[in-house]
Every structure is written in C-alpha cells, then in structure tokens.
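Below: the structure, in structure tokens.
Chains as they are written, first to last, in our numbering: chain A, 35 to 186; chain B, 62 to 685.
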C-alpha cells in the first residue's frame, strides 16, 4: 500500500486507500482516533491523581459518577461515608440519613426537637443543608454533620 | 571543552562496539594491584613480571578516578584509551541506565565489576497516561538475577517505571546483605508481601521509598516485619500504598528509628495518628501528612494540640500528603511555614481563602505543588510572597477539556512577575495567551523546565485567537537554559521552527495535538542537537518527518510517536537502515490482531540498543 508518500502532508486530499481514510478521520476529528479505545489518556494526568480526585467531584458526562462524603453525628465518634450521587435530592438524602443514624433529621428549620443537617462547603464554611439547589449542593459539599438539636 | 565531553559520552556505546573483547575482562574487584596480573592487548610488547610503567599508571589512575562521580565525566574518561577505559570500569560504583532495553544485564556485569548503586529506568513516560498496553515489558527480574550474582555488595537500587514482582524483591532482599536503599518510582507488579520481605531481611536498610507506584494489597502487615531493635531507617515513604497499615507497629518503628528524617505516610494515617508520630519524631525534615483528617469528630474534646506538634518539628522543611484534608485543621501547619522549602498540596482541594493565610508565611518556599482550586487569586498570593520559588506545579482538580478552569494566564503572569528565580514550571489550564508566555520568558531567564498543558486540544490564544506559536517561540528564544519543553494549544509548524532554531539545549521535548506537517518534525530533528527524548502524540507527522531524524536516532535515548501518520513500511525502512536502533510498533490494545494487516502504525517506540532487539516482547509488539 502506498500510504506513506501520498499522505505525508496533513492537507492532502488525494488518498483513497483504507488506511488513509482512517488517518484523515483520526486527524479531522481531533479527539481520539477510531482505533483507540476510550481509556482516559488526555489531559496527561497520572491515574493515581485522577482517581484520587475523582471521588471528590461530579463528572457529568454520563460516566460512572459517585461522590463520597463523610457524615458525622455530633456525639458519635465514628463517622460514615455516603455516596451522594445515589440520591435524587434532599428528600432521599434525609430519609437515608435518618435510617442510618436511627433518628429524625431535618434540614432548613432550626428545631429544638430534631437533629439538623449541616454541610461544609468547598470554602470550609458550615452551612445549613437545603439552602441551594441540589446540583449546586453536589458541586460544593465536602462533608456532612448532623447537629444536636439544642446546639442550633 | 565541556560540550566536547558530552558529545563524547554520547559515542561511548559506539566505542564499546568497536572492541567486544574489552567487554569480557574479568577482574577480582577488591584488589587494585591486580593490574599487574592482567595482560592487556595494548601492552602486547611488554611481558614483564614486575610492575611496568603502564601498570603503575593504572594504579595511580584508579586512585584518582575514584573521585569522579559525574557520569558524563566518567563516560568521557572511558573514551581516552583502553587503559583508561579499564580503570574507569573498575572505579565506577554508581551506574545509571536510562533505558533498560539499551543493553543486556550481562553487558553491565561484564564491564563494571564494583557496582554498589544501580539506577534503572524502564517504560517511556507516556506509559503513565494509559498510552501503552499493559505487560509491555521492563521487567526487573533479569536485572536482579544478574546483579545478585555479580554484585553481592550492592547497596542501592533505584527503579523508575519498571515491572517489579514480589519474587524480585525477595531475591533482592536475600542476595544483598549490605543493602541500604530501595527507591521505586512509578513501578508496579509488586505488593505488600514483597515490601515485607525487604523490610524484614535488609537489616542495613536506610531508605525505603515507594513513590507513585502501584502496590497491590497482599493483606500483609509489612510494617510489623521490620526487625526488632534500633533501625538504620533514614527515609520511609509509603504514601502511594493504598492499603491500611498497622499503626501501632508504625509508631513502634518510628520510636526505634532515631535516624529517621523523612516519613511519608498514606491516607490511612489519620491526623491524630500523625500527631502521635510527630511527637515521637520531632527531628523529621520531611513529612507526608497522610489524610490530614481526624479519625473521629469529637469536636473540642481533648483534641491534640496539632500546632504544638508542628512547632516542635524545628527541622521540618518539606510537607506533603493532605490526601483527605479537613480545612479547619490546615492552620496547624502555620508554625513551620517560615521554614518550609517544599510544600505539596496537589491532593488537596484548597481554595484561595484557605491558601492565603498559609502561603503568606512561606517566604522560603522553593518547591510548590498545588491544585488549580487555588485559582488565579491563590497564584497571585504565591507570587507576592514566595520570592525564592524555583519549581511550581499546578494540577487540574477537574481534568476535563471543557471544565471551567479556575486558573489562566492571569495567575501565570503573576507568578512570572513575582517569582523571578523560577526554574521549573508545570501548568495545567484552560486559557492562555501568547503575551503571558512572552512575559514569563522575559521575567524568568533561569527556566530550565517549561511544561504547559492547555487542556483543550488545539486551543488558540484566547484573547487574540492566534496560534500559540509566538508565545512558545519567546520561551525558547529567551530562556537560554531550557532543557525540557512540553508544548500545547494551537501550534503551527512555525512554533517548531522556533524550537529548532533556538532550542539548542533541549533534551526532552513533549508534543501533543500540534503542528501542520512533517516540516515541524524536521525542524526539531535538524535543529536540536541535544535532543535525547522526543515524545509525540496525535500530530500529523509521517514517514517523511521520521526520516529527517536518521542522523539523530542513535544519539537519542528514544523516540515515541503515537497516533501520528506513520506507515509500517516507513518504520520498517528506518529499522532496516539503522541497525543499532530497535524499532517497536504496537497498537493501543493488546488484543488487536487486525494491526497485522493494517499499514497504519498506532504507536512507534524506538531506542538505541547495544544488544539488539529484546527477547521478552509480548505478542502485541512487533519489532521491525
């Protein structure tokens, strides 16, 4: 096959052999070439770093998404880890947490009877859960804390 | 004169090839007067039993050459004449092999008889980014087998991108009674079982550094395998080991390691556990802080005084870790900030407001690694304080092409204006301008390493819309000490003409999604005389471009080209014309049998070799 000589220039249009079609395809669509599988290889980040950070943010490409955050209840020494992507919104989150810690948890209203859910955002500040839309919450949440009723 | 030496060192292998007999010398390693017993081909006219002038010279030379440590100097010395070659081989204690396939282990053990330290590198760097199928090679096994027999006094092994098994580590631990230092960087194939054997058997162990390696969890309590009693440990790094450890055993180990200076823990060590370690080892100079998050959140109840522990570490100059950090504990490191020379936040999602109070005190920082979560604002803070900064690396928190990108040319330019002593930069961003690159080239003349990754492929200057040619042109033109360059963004052949014209000291060049034609490759291969490592991906370079480097390839360590426009025929021609260069071609998948019939070459990896093609190539690799 005479691919090499006739197709050495990127702008050449005169190639007709099968390989050259593959070549121009892979060059026109500057993303991955057809032969390449979809393993992540761009940008050039080492897998160790990539995987470590993956657990802390949303990848909204339709990939496998998960966002694990730690959840503590005041007074309980051991925390739990929760995948927030498993929930559709605040309601299911609260329901699940209530089951997990075997108590009633609410968000928003400061209530003397119930535990209240708070979260730490990416700036390090502790906020009341439920103030912002769920999607935004997922972008910024870092940790969850269930406070004792009287503290609020 | 210096330049001549470097050039000569590049011809060292050629010299070796001229006289294969000289590779077969065997000498008892400890005796220096054995030169008298040796009959050298060069001395064929002499046949005396008493020490001849030549032999006296060799003795003198041996005593002098012992002081030469630089491998470039040694390579030059070995080319003077056969006698000098011999003596140099006898006095070389540290051997550096940049490509494990450039020679066979036997050649190493035949030439050098007194090796105490071995540095061995395997896979090319693009293997780090999933561009190489698994099981390609670079096995440590043949090397440990050969050195186990030849150098029982071996003390130090440093491996990078090698495949190391637990059996290899076991053989190492058993074969070298005086073994002192093991460093494994970007390696894989072994697990905690292998580490346990090394910990247990190497009683003189000073350094056990596992860096960015993949360590399988063999569910072995390897920390407990260190022997009882005082250890010689100076450095213990296991931050890449992603399995839990026996903390009590670690604490006991630290207590009985009085010489410990560097300790890098993994994410399974909590902040309170770290506190316990610090209290027991205030002499530490380098600390990997593990998770930097407390085990439990009993707020305020008897919480350890973390800041006091840091304050007590008066020698601490290097901090890393922060793998799952909790922001409110970050201020605990403040007492050591003024002394810090190296700070690695690259696993911590730190915002500008978290960074500013910390960095404000870091006047002596020379090395700073962080995530782009610090934003341009954080970089401005760094620029304002860190006047001694030599190395900056900023990694993307969200490494996708279309992500928001919290840093840009603004932070970049601020750094260039504030940190004039900058020597090395690695910067991931979404937006950049030629102006900022030009500014850095003028502000930071000491740059030796310049690596910019504009994550959007083919992205131009976001202000002018022009290619990034002028910016990179300014870098190569003004940074006269540049030895390593990685380019990105929209680049035409013009950028490469600049690189070829001005990049006279460049040894490593990384190119991706750049250039228009083979001319670009030609500019580089014809223009850069010092080029050693050339790694290219997804660029429109073909057989014509490849051929323009025929005069260079034997003097380079390797050439990597993936997803370019090479043909099998073109690569085969190169292989045919360069007998001392091994030309490997393979696809991205190891079960891609169709490649056999296709003419398109997915990946070309070629390198010089003294001992011909390797025998351990897997099925998916074709050696032309």
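No residue lacks a Cβ here, since even glycine has one placed at the ideal position from N, Cα and C.
In three-state terms, what does DSSP make of residue i?
| i | result |
| --- | --- |
| residue 171 of chain B | helix |
| residue 554 of chain B | helix |
| residue 214 of chain B | coil |
| residue 491 of chain B | coil |
| residue 297 of chain B | strand |
| residue 646 of chain B | strand |
| residue 204 of chain B | helix |
| residue 251 of chain B | strand |
| residue 631 of chain B | helix |
| residue 103 of chain A | strand |
| residue 349 of chain B | strand |
| residue 283 of chain B | helix |
So residue i contacts chain B; which residues on that side make the cut at Cβ distance below 7 Å?
| i | result |
| --- | --- |
| residue 84 of chain A | 460 |
| residue 78 of chain A | 190, 514 |
Ends of the beta strand (DSSP E) at residue i?
| i | result |
| --- | --- |
| residue 594 of chain B | 594–598 |
| residue 150 of chain A | 149–155 |
| residue 514 of chain B | 510–515 |
| residue 272 of chain B | 268–272 |
| residue 46 of chain B | Residue 46 of chain B falls outside the range modelled here, since chain B spans only 62 to 685, and no answer is possible. |
| residue 158 of chain B | 155–158 |
| residue 235 of chain B | From DSSP, residue 235 of chain B is part of no beta strand (DSSP E) but of the alpha helix (DSSP H) over 227–236. |
Buried or exposed: where does residue i fall if 16 or more other Cβ atoms within 10 Å of its Cβ makes it buried?
| i | result |
| --- | --- |
| residue 384 of chain B | buried |
| residue 399 of chain B | exposed |
| residue 291 of chain B | exposed |
| residue 191 of chain B | buried |
| residue 75 of chain A | buried |
| residue 170 of chain A | exposed |
| residue 130 of chain B | exposed |
| residue 160 of chain A | exposed |
| residue 54 of chain B | Given that chain B is displayed from residue 62 to residue 685, the structure contains no residue 54 of chain B and the question cannot be resolved. |
| residue 429 of chain B | buried |
| residue 137 of chain A | exposed |
| residue 448 of chain B | exposed |
| residue 389 of chain B | exposed |
| residue 531 of chain B | buried |
| residue 369 of chain B | exposed |
| residue 347 of chain B | buried |
Once the 5 residues before and after residue i are set aside, which same chain residues still bring their CB inside 7 Å of it?
| i | result |
| --- | --- |
| residue 446 of chain B | 420, 421, 423, 424 |
| residue 273 of chain B | 246, 247, 301 |
| residue 126 of chain B | 138, 148, 149, 152 |
| residue 283 of chain B | 253, 256, 257, 260 |
I'd like the list of long-range same chain contacts for residue i, defined as Cβ closer than 6 Å, with 5 residues on each side in sequence excluded.
| i | result |
| --- | --- |
| residue 233 of chain B | 205 |
| residue 211 of chain B | 170 |
| residue 725 of chain B | Since the first and last residues shown for chain B are 62 and 685, residue 725 of chain B lies out of range. |
| residue 636 of chain B | 644, 685 |
| residue 164 of chain B | 671, 672 |
| residue 199 of chain B | 161, 183, 184, 223, 224 |
| residue 280 of chain B | none |
| residue 494 of chain B | 470, 522, 524 |
| residue 123 of chain A | 168 |
| residue 514 of chain B | 489, 549 |
Name the chain B residues that come within less than 9 Å of residue i, Cβ to Cβ?
| i | result |
| --- | --- |
| residue 158 of chain A | 387, 388, 389, 391, 412, 414, 415 |
| residue 172 of chain A | Within 9 Å Cβ-Cβ: nothing; residue 172 of chain A doesn't reach chain B, min ~13 Å. |
| residue 151 of chain A | Within chain B, no residue comes near residue 151 of chain A; the closest Cβ sits about 14 Å away, beyond 9 Å. |
Determine, using beta carbons only, whether residue i comes closer than 8 Å to chain C.
| i | result |
| --- | --- |
| residue 75 of chain A | You won't find chain C in this structure, because its protein chains are A and B. |
Return the chain-ordered list of same chain residues with a C-beta closer than 8 Å to the C-beta of residue i, the five sequence neighbours on each side being excluded.
| i | result |
| --- | --- |
| residue 544 of chain B | 509, 510, 566, 567, 568, 569, 591 |
| residue 500 of chain B | 474, 477, 478 |
| residue 45 of chain A | Residue placement at residue 45 of chain A is poorly supported in this model, since its pLDDT is 35, which falls under 50; the coordinates are not used for a value here. |
| residue 436 of chain B | 412, 413, 467, 468, 472 |
What is the residue span of the alpha helix (DSSP H) that residue i lies within?
| i | result |
| --- | --- |
| residue 481 of chain B | No alpha helix (DSSP H) contains residue 481 of chain B, which DSSP labels as neither H nor E. |
| residue 132 of chain B | 132–138 |
| residue 255 of chain A | Here chain A has residues from 35 to 186 only, and residue 255 of chain A is not among them. |
| residue 379 of chain B | Unbroken run through residue 379 of chain B is the beta strand (DSSP E), 379–381; no alpha helix (DSSP H). |
| residue 539 of chain B | 530–539 |
Which chain A residues are close to residue i, counting only those with a beta carbon under 8 Å from its beta carbon?
| i | result |
| --- | --- |
| residue 457 of chain B | 77, 79 |
| residue 273 of chain B | 80, 82 |
| residue 384 of chain B | 86 |
For residue i, return the contacting residues in chain A, with the cut-off set at a CB-CB distance below 7 Å.
| i | result |
| --- | --- |
| residue 489 of chain B | 77 |
| residue 408 of chain B | 86 |
For residue i, return the contacting residues in chain A, with the cut-off set at a CB-CB distance below 9 Å.
| i | result |
| --- | --- |
| residue 301 of chain B | 82 |
Is any non-hydrogen atom of the ligand FMN found closer than 7 Å to the C-beta of residue i, if you look at the structure I gave you?
| i | result |
| --- | --- |
| residue 138 of chain B | Judged by which ligands are present, the structure shown has none, so any question about the ligand FMN falls away. |
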